[in-house]
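What follows is a single structure, written as structure tokens, with notes after it.
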Amino acid sequence: MLLHQPYGEVLEAWHALEDFKKEGKIKSIGVSNMTPKIWKKFIPQFETLPAVNQVELHPFAQQRELRELCSNDNVVIEAWGPLEQGNKDLLTHPIILKLAEKYGKDVGQIILRFENQEGIVVLPKSTHKERIISNLNIFDFELTSEELEEVRNLDTGKTSHDPDAPGVGDWLLSNYDIHEND
């Protein structure tokens, strides 16, 4: 079970998840959208480290600082939006296209293979059988260290949503009433 947004009563929510885990009601607990700043604020206060931190991650937003922090705490990074939600700039980038041609793969397979070789758990979304099969067909080739470096160099350091931006937490909390249908 994931604590989806690190806003509001984060510690109280996390402690409730820890209690459910201790009681055997849930097997594993994790977080989503924790940036390095948020990670450094909350993780020292957790009794149980998250099993996973699910964040936006793709070749244009590789989350290097966060990956290092999570790695140091033995926390898995899971890529939400590993194909940047089909962003044309990524899917038509010359480096990605060149690698797809070289390996006889589609651009999605190149991107997912890159992330896999970087130690990232990927969560590509699809409702199409052919795409799901394609997304799984990334283990019969390997990018070279030079090719990995080429893709690493695509990193802009920016995500489409900045959880650290002023007012984001208040905006999210004020726009959703989880009890409106109670």
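Taking the numbering used here, the leading residue of the sequence shown gets 373, the next gets one more, and so forth. Cβ coordinates follow ideal geometry from the N, Cα and C atoms, glycine included.
Helix, strand or coil at residue i [DSSP, three-state]
i       : result
Glu-390 : helix
Glu-395 : coil
Ile-492 : coil
Asp-479 : Looking at the sequence shown, residue 479 is not Asp but Val. Helix.
Glu-381 : coil
Gln-434 : coil
Asn-425 : strand
Glu-487 : helix
Glu-514 : coil
Gly-402 : strand
Leu-558 : In the structure as shown, the chain begins at 373 and stops at 554. Residue 558 is therefore absent and cannot be evaluated.
Neighbourhood of residue i by C-beta, 7 angstroms cutoff - its chain only, sequence neighbours within 5 removed
i       : result
Glu-456 : His-430, Phe-432 and Leu-462
Val-523 : Pro-431, Ile-467 and Phe-486
Ser-532 : Glu-428
Glu-519 : Leu-471
Beta-carbon proximity list for residue i, same chain, < 6 angstroms, skipping 5 on both sides
i       : result
Phe-513 : Tyr-475
Ile-482 : Ile-468, Leu-471 and Ala-472
Glu-437 : Pro-408
Val-494 : Ala-451, Pro-454, Leu-484 and Glu-487
Ile-398 : Met-373 and Phe-392
Residue i to residue j span [Cα, whole Å]
i       : j       : result
Gly-458 : Gln-435 : 19 angstroms
Leu-375 : Cys-442 : 16 angstroms
Ile-401 : Ile-410 : 17 angstroms
Val-424 : Thr-464 : 30 angstroms
Leu-508 : Lys-412 : 34 angstroms
Thr-516 : Ile-504 : 25 angstroms
Ile-510 : Gly-529 : 25 angstroms
Gly-491 : Val-447 : 11 angstroms
Leu-526 : Phe-392 : 41 angstroms
Phe-414 : Ala-385 : 12 angstroms
Asp-445 : Gln-377 : 20 angstroms
Gln-417 : Glu-381 : 13 angstroms
8 angstroms CB neighbourhood of residue i in its chain, flanking five on each side removed
i       : result
Ser-506 : Asp-478, Gly-480 and Gln-481
Glu-419 : His-387 and Glu-390
Gln-635 : In this structure the chain extends from 373 to 554, so residue 635 is not present and cannot be described.
Rounded distance between the beta-carbons of residue j and residue i, thought under 8 angstroms
i       : j       : result
Glu-450 : Gln-426 : 4 angstroms
Discussion item. Is it the case that the stretch 397-406 contacts the stretch 484-499, given that we only count it when at least three CB pairs across the two stretches are under 8 angstroms?
Written reply: no
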